[in-house]
Amino acid sequence: MTVLVLAGTREGREVAAGLAARSIPVLASLAGRTRRPLEPGVPLRTGGFGGAQGFRDTVAAQGITAVIDATHPFAEEITERTARLCREDGLPHLILRRPGWQPLPGDDWTRIAREADLAAHVPRGATVFLATGPQRLVAFTGLEDRRVLCRRIDPAPGPFPYENGDWVVSRPPFSVEDETALFALLGVDVLATKNSGGEDGRAKLEAARALGLRVVLLDRPRLPEGALVVETVEEALNWAEGL
242 MTVLVLAGTR EGREVAAGLA ARSIPVLASL AGRTRRPLEP GVPLRTGGFG
292 GAQGFRDTVA AQGITAVIDA THPFAEEITE RTARLCREDG LPHLILRRPG
342 WQPLPGDDWT RIAREADLAA HVPRGATVFL ATGPQRLVAF TGLEDRRVLC
392 RRIDPAPGPF PYENGDWVVS RPPFSVEDET ALFALLGVDV LATKNSGGED
442 GRAKLEAARA LGLRVVLLDR PRLPEGALVV ETVEEALNWA EGL
């Protein structure tokens, strides 16, 4: 028995370490390098699988008997493909998804289903800060009369795609104090972010609350139909132990 853990989140790393601590054979998989390595002693592979056949080859070569998908809540393609392949091959499969964020007193939140919906919630002339990453920036359409700022962790390979905006290059972790000072300095009116959940990204939400900013949250993609889903590391570990 060996459990493959797609460990692209803090919870994924904790599951991999927890399985090893319980003497359950585990192979952790990361899409690329991370600034937060796994615990010592946890076997690790890095890089993509190379499509469906590459995934199946890895499963066969490593003797994988179960898969725990603990990727980012917005890693939609990976989650869909993994669920489909496990279903087709009869491989036990679990999705670990941390709960999404919920508003607290003093929050001014609006939820949207897709990036193109953001413009309706950003007044003309306002400054919107996109804490959504640069990958799908062009999907935020209709923002021509707003100032658009988008955070990225590495220097941009080229100019900002819109005349009315700019990159904000900074690398996490970010404290509440850091985020509050940044938003105030930039004159941010609206914060847009994915509803990723977890503790790592909560600081920006607390900063927005302190400054009285409107927050627009992009809802998570739907999970694969029929998939078994848990929200905590302990639930995932118990599932693996019960196989």
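Here the sequence shown stands for residues 242 to 484, where the numbers follow this note's numbering. Idealized CB from N, CA, C, for every residue including glycine.
For residue i, name the three-state secondary structure that DSSP assigns.
i       : result
Asp-419 : helix
Gly-347 : coil
Leu-268 : strand
Arg-377 : coil
Ala-372 : strand
Asp-430 : coil
Ala-477 : helix
Thr-382 : coil
Ala-397 : coil
Gly-259 : helix
So, for residue i: in the same chain, excluding its five sequence neighbours on each side, which residues have a beta-carbon less than 7 Å away from its beta-carbon?
i       : result
Glu-472 : Arg-338, Arg-339, Pro-340
Thr-373 : Ala-433, Thr-434, Lys-435, Leu-459
Leu-423 : none
Pro-375 : Cys-391, Arg-393
Pro-396 : Val-410
Pro-486 : Since the first residue of the chain shown is 242 and the last is 484, residue 486 is not available in this structure.
Asp-407 : Leu-390, Phe-401
Gly-289 : Ala-272
Arg-350 : Per the sequence shown, residue 350 should be read as Trp rather than Arg. Contacts found: Pro-344, Val-456, Leu-458.
Take residue i and list the residues in its own chain whose beta-carbon comes closer than 6 Å to its own, dropping the five residues that flank it on each side.
i       : result
Arg-450 : Gly-347, Asp-348
Thr-421 : Ala-448, Ala-451
Leu-371 : Cys-391, Ala-433
Arg-412 : Ile-394
Glu-255 : Val-474
Phe-415 : Ala-444
Ile-319 : Thr-312
Is any non-hydrogen atom of the ligand FMN found closer than 7 Å to the C-beta of residue i, if you look at the structure I gave you?
i       : result
Arg-251 : Inclusion of the ligand FMN in the displayed structure is not the case, the ligand content being empty and no account of it being possible.
Measure the beta-carbon distance from residue i to residue j and round it to whole angstroms, keeping in mind my assumption that it falls under 8 Å.
i       : j       : result
Val-283 : Ala-301 : Val-283 to Ala-301, Cβ: 21 Å. No contact.
Pro-465 : Glu-321 : 6 Å
Val-246 : Gly-253 : 6 Å
Val-308 : Thr-287 : Wrong, their Cβ atoms sit about 17 Å apart, outside the cutoff.
Leu-326 : Trp-480 : 19 Å between Cβ atoms; not a contact.
Gly-249 : Ala-272 : 6 Å
Leu-454 : Asp-430 : 7 Å
Leu-478 : Arg-263 : 7 Å
Thr-368 : Gly-428 : 5 Å
Met-242 : Leu-484 : 7 Å
Leu-359 : Ile-353 : 6 Å
Less than 8 Å between C-beta atoms, sequence neighbours within five positions excluded: which residues of the same chain meet that for residue i?
i       : result
Val-417 : Ala-444, Glu-447, Ala-448, Ala-451
Glu-476 : Leu-337
Leu-332 : Val-300, Ile-305, Thr-306, Ala-307, Val-308, Leu-326
Asn-405 : Leu-384, Glu-385, Asp-386, Arg-387, Arg-388, Val-389
Glu-482 : Arg-263, Ile-265
Pull up the DSSP beta-bridge partners for residue i, would you.
i       : result
His-334 : Val-308
Lys-435 : Leu-459
Ile-353 : Leu-459
Gly-406 : Val-389
Thr-287 : Leu-271
Leu-247 : Ser-270, Asp-310
Arg-470 : One detail in the question is off: residue 470 reads as Val in this sequence, not Arg. The partner list for Val-470 (beta bridge, DSSP) reads Ile-336.
Could you confirm whether any beta carbon from chain C is found closer than 8 Å to the beta carbon of residue i?
i       : result
Val-429 : Looking at the structure shown, chain C is missing, and only one protein chain is on hand.
_Whether or not the stretch 443-451 and the stretch 295-314 are in contact is what I'm after, with contact meaning three or more pairs of Cβ atoms, one per stretch, closer than 8 Å; do they touch?_
no
*asked:* Below 8 Å, how does it come out for the stretch 429-444 and the stretch 452-461: are there three or more Cβ pairs, yes or no?
replied: yes
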